[in-house]
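Asker: Below you will find the structure I want to go over with you.
Numbering (the UniProt record's numbering), first residue to last: 1 to 290.
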């Protein structure tokens, strides 16, 4: 339970840092690239076992980690495009609704239990995510020509979570979690620097130290969000469908509350309803287990 709570806390901190990116006008791509470097170093630092870096490519999870690293930065860019074209609420809904993909995977591949309380909790959680994420009275409006982008964000986010669960169960030894995470972030960082190098060759790159600081501030909770999520999946407190549901809906709930407390955001009635449903969904899923 502690690992799950720390995963939720880490992901909520990511929300806070992203908000500060906007406030301090930090270049998102630059900050994100340095965030991956920071997260990579966190994985190396917290790896208790001695690391033979030359042996890392021989690990069975290595090719999957490279794919995940590429997916991290690809999905981020898709999120940026979706935000520009359809708004932040669409991105938030697409990202958090993607929890249905690892839930279905857990139920089918691992034959996880699906009782009445869990079914009700999952349905309420999805409704809660939608209601808490939509900050406009008119709801979501997406042009037909832009519809592909939130779909790709939905699929990409769901595939990332599902792959993490699969690798955690099949390939990753307990003492390899930090270096596994570091490898993912290293790959994402390399791709980020390639993009920055391309920008520099076109004369579009401007170095600002605040982008480095922003990346460091983001990278630390980013690393721990993955680290503690894997630990939560291994804790046995809930099965994977329960962990992913509670993790996602709690992140939305606490991020919304932090937005009120720190950034003076105004919530609509449906946002408060979403928060209430989030609490109920967590309780139902917890009761299913116990």
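Virtual Cβ for every residue (Gly too), placed ideally from N, Cα, C.
Nothing here was measured: the structure is a model prediction, and the numbers come from that model.
Of all the options 192, 169, 216, which has the alpha carbon lying nearest to the alpha carbon of residue 18?
Answerer: 216
Asker: Sorted by chain position, which residues of the same chain lie with C-beta nearer than 6 Å to residue 79's C-beta, five sequence neighbours on each side aside?
Answerer: 91, 153
Asker: Mind checking whether residue 4 and residue 247 have CB atoms under 8 Å apart?
Answerer: yes
Asker: Verify whether the separation of the beta carbon atoms of residue 191 and residue 75 is less than 8 Å.
Answerer: When the beta-carbon positions are compared, residue 191 and residue 75 stay at least 8 Å from each other.
Asker: Can you look up residue 110 in the DSSP assignment and give me helix, strand or coil?
Answerer: coil
Asker: Taking the straight line between their C-alpha atoms, what separation do you get for residue 106 and residue 206?
Answerer: 45 Å
Asker: Taking only three categories from DSSP, how would you classify residue 204?
Answerer: The answer is coil: DSSP assigns residue 204 none of H, G, I, E or B.
Asker: Pull up the CB-CB distance for residue 238 and residue 285, whole angstroms please, since I reckon it's below 8 Å.
Answerer: 7 Å
Asker: In its own chain, which residues sit with a C-beta less than 6 Å from the C-beta of residue 30, not counting the 5 before and 5 after it?
Answerer: Only 211 meet the Cβ criterion.
Asker: On the criterion of 16 or more Cβ atoms from any shown chain inside 10 Å, does residue 1 qualify as buried, or is it exposed?
Answerer: Residue 1 counts as exposed, since fewer than 16 other C-beta atoms from the protein chains shown sit within 10 angstroms of its C-beta.
Asker: Restricting to runs no shorter than 4 residues, where is the alpha helix (DSSP H) found entirely within the region 210–262?
Answerer: none
Asker: Contact defined as beta carbons within less than 8 Å: I believe residue 218 pairs with residue 14. What is the distance between those atoms, to the nearest angstrom?
Answerer: 7 Å
Asker: Of all the options 288, 94, 108, 62, which has the alpha carbon lying nearest to the alpha carbon of residue 131?
Answerer: 94
Asker: Could you pull out every residue in the same chain whose Cβ sits closer than 7 Å to the Cβ of residue 265, ignoring the five residues on either side in sequence?
Answerer: 259
Asker: Does the distance from the C-beta atom of residue 61 to that of residue 228 stay below 8 Å?
Answerer: Inclusion of residue 61 and residue 228 in the CB contact set at 8 Å is not warranted, their separation being larger than that value.
Asker: Using only alpha-carbon positions, find the residue among 162, 117, 250, 72 that is nearest to residue 11.
Answerer: 250
Asker: Mind pulling the alpha helix (DSSP H) runs of 4 or more residues that sit fully within the UniProt domain "EamA" (6–133)?
Answerer: 28–45, 62–86, 88–97, 100–109, 116–133
Asker: Buried or exposed: which applies to residue 194, given that a residue is buried once 16 or more other Cβ atoms fall within 10 Å of its Cβ?
Answerer: exposed
Asker: Please determine if the region 105–120 and the region 133–151 are in contact, where contact requires at least 3 C-beta pairs separated by less than 8 Å.
Answerer: no
Asker: Check whether the Cβ atoms of residue 187 and residue 65 lie closer than 8 Å to each other.
Answerer: yes
Asker: Where residue 261 and residue 279 are concerned, what is the direct C-alpha to C-alpha distance, given to the nearest angstrom?
Answerer: Looking at the two C-alpha atoms, the distance is approximately 18 Å.
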